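For the sequence shown, numbering that gives the first Met the number 0 begins at 0 and goes up steadily by one. A short write-up of the structure that comes next.
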Amino acid sequence: MDLGKVVLGQGGPVPEKDPAYRLLFRCRKNGFDYLGQLRVDSGATSAGVEVFNENYYAHFEKPSELVRRALEQAVLGAAARHNTLPEPFASIARSRLGAGTAVEKPETPPAEGPAIAGPVRLQDLYDRLNREYFDGKIDAGIQWARNTRGRNRRSFRFGSYDPRKKLIRINPRLQRPSVPLTVVELTVYHEMCHQLLPPFRHGGKRHTHHAEFRKKEREYKFYTEAKRWEKQHWRQLMAPHEDD
Numbered sequence: 000m001d002l003g004k005v006v007l008g009q010g011g012p013v014p015e016k017d018p019a020y021r022l023l024f025r026c027r028k029n030g031f032d033y034l035g036q037l038r039v040d041s042g043a044t045s046a047g048v049e050v051f052n053e054n055y056y057a058h059f060e061k062p063s064e065l066v067r068r069a070l071e072q073a074v075l076g077a078a079a080r081h082n083t084l085p086e087p088f089a090s091i092a093r094s095r096l097g098a099g100t101a102v103e104k105p106e107t108p109p110a111e112g113p114a115i116a117g118p119v120r121l122q123d124l125y126d127r128l129n130r131e132y133f134d135g136k137i138d139a140g141i142q143w144a145r146n147t148r149g150r151n152r153r154s155f156r157f158g159s160y161d162p163r164k165k166l167i168r169i170n171p172r173l174q175r176p177s178v179p180l181t182v183v184e185l186t187v188y189h190e191m192c193h194q195l196l197p198p199f200r201h202g203g204k205r206h207t208h209h210a211e212f213r214k215k216e217r218e219y220k221f222y223t224e225a226k227r228w229e230k231q232h233w234r235q236l237m238a239p240h241e242d243d
């Protein structure tokens with residue numbers, strides 16, 4: 000089964016309530032790029048993969064579950080070859096190699112390069128985005144916003160930027176295990192763009208997400224995948240959850 004070319008991306012532990020390690024990967028199949036993530040759980044000693052765009056499975060005649068299990072083995076194998084996962088996640092991943100032996104041996108080429116792994120904390124994420132996209136020019140603090148247990152019936156605010164305090168606040172519900180790292184990254188990146196390209200008034204109107212802002216925002220390399228996830232799942236974040 001030709002799964003496509005697997006390229007490992009970024010990974011790291013998720014917040015304290017979730018003893019898991021997430022590793023992003025990109026799979027190129029028939030000229031299309033599909034973003035997914037491997038999640039290794041030290042509490043349940045389990046591992047699994049998720050492809051964020053279900054259209055990936057349309058490339059195969061075989062059942063989606065069979066393809067997913069084969070892809071899981073391919074990503075686990077790539078992570079093991081490049082020593083991507085820290086302990087104890089690496090041992091769990093190795094134990095999962097060969098699990099579910101009914102799957103076919105994948106024909107995917109080796110993944111390109113080692114992943115960039117490490118603790119995923121807001122400050123670390125902010126610092127990396129600042130270097131990669133802003134040449135270190137953004138000067139702001141960053142923290143999780145105060146959690147509210149009530150349901151927001153109209154909208155969900157992913158983050159905010161206070162220009163007076165130079166402070167970025169991120170909605171703590173983005174710490175849920177179901178939220179991809181790319182969504183958290185795009186939220187932080189979006190708020191950083193607000194400092195670089197602040198609102199202005201023209202023709203009696205306030206322009207916040209103006210053309211220059213939108214252009215810069217789309218420079219984030221996983222913009223399309225993250226926005227797609229937001230569009231499909233934002234309503235789920237409006238209600239309180241046991242993981243909050």
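Backbone N, C-alpha and C fix where the C-beta goes; we use that ideal spot for every residue, glycine too. Predicted model only: the values in this text are computed from it and were never measured.
Is it right to say Lys28 is buried, meaning 16 or more other beta carbons lie within 10 angstroms of its own, or is it exposed? Stepping through the sequence shown from its first residue, residue 28 is reached at position 29. Classification of Lys28: buried, given that the 10 Å Cβ count is 16 or more.
Short of 6 Å in beta carbon distance, which residues of its chain neighbour Arg183, apart from the five on each side in sequence? Order them along the chain. Within the sequence shown, the letter at position 184 stands for residue 183. Looking at the sequence itself, residue 183 is Val, so the reference to Arg does not match. Closer than 6 Å at the Cβ level, and outside the excluded window around Val183, lie Leu173.
What is the DSSP secondary structure of Phe155, counted as helix, strand or coil? By one-based count along the sequence shown, residue 155 stands at place 156. In the structure shown, Phe155 sits in coil (DSSP, three-state: anything other than H, G, I, E or B).
For Leu22, which three-state DSSP category applies? Taking the sequence shown and counting its residues from 1, one reaches residue 22 at position 23. Here Leu22 sits in strand by DSSP.
Any idea what DSSP makes of Gly8, helix, strand or coil? Taking the first residue of the sequence shown as 1, we reach residue 8 at position 9. Of the three classes helix, strand and coil, the one that applies to Gly8 here is strand, per DSSP.
So, at 6 Å on beta carbons, what are the nonlocal neighbours of Tyr160 in its own chain, with the 5 sequence-adjacent residues on each side left out? Working through the sequence shown from its first residue, we reach residue 160 at position 161. Take Tyr160, set aside five residues on each side of it, and the residues of its chain with a beta-carbon closer than 6 Å to its own are Ile167, Glu190 and His193, in chain order.
For Gln251, list the residues DSSP reports as bridge partners. Residue 251 is absent from the model: the chain starts at 0 and stops at 243.
What did DSSP end up calling Asp126 once you bin it into helix, strand or coil? Here residue 126 refers to the residue found at position 127 when the sequence shown is read from its first residue. Helix.
Leaving out five residues on either side along the sequence, give the residues of the same chain with a beta carbon under 8 Å from the beta carbon of Asn52. Your numbering for residue 52 matches position 53 in the sequence shown. So the qualifying residues of the chain are Tyr33, Leu34, Glu224 and Arg227.
Consider the C-beta atom of Arg145 and the heavy atoms of the ligand NAD; say whether any pair is separated by less than 6 Å. This structure lacks the ligand NAD, and indeed carries no ligand of any kind.
Can you list, in chain order, the residues of its chain with a C-beta nearer than 8 Å to that of Thr44? Leave out the 5 residues immediately preceding and following it. Position 45 of the sequence shown, counting from 1, holds the residue named residue 44. Excluding sequence positions up to five before and after Thr44, its CB lies within less than 8 Å of the CB of Ile91 and Ser94, all in the same chain and listed in chain order.
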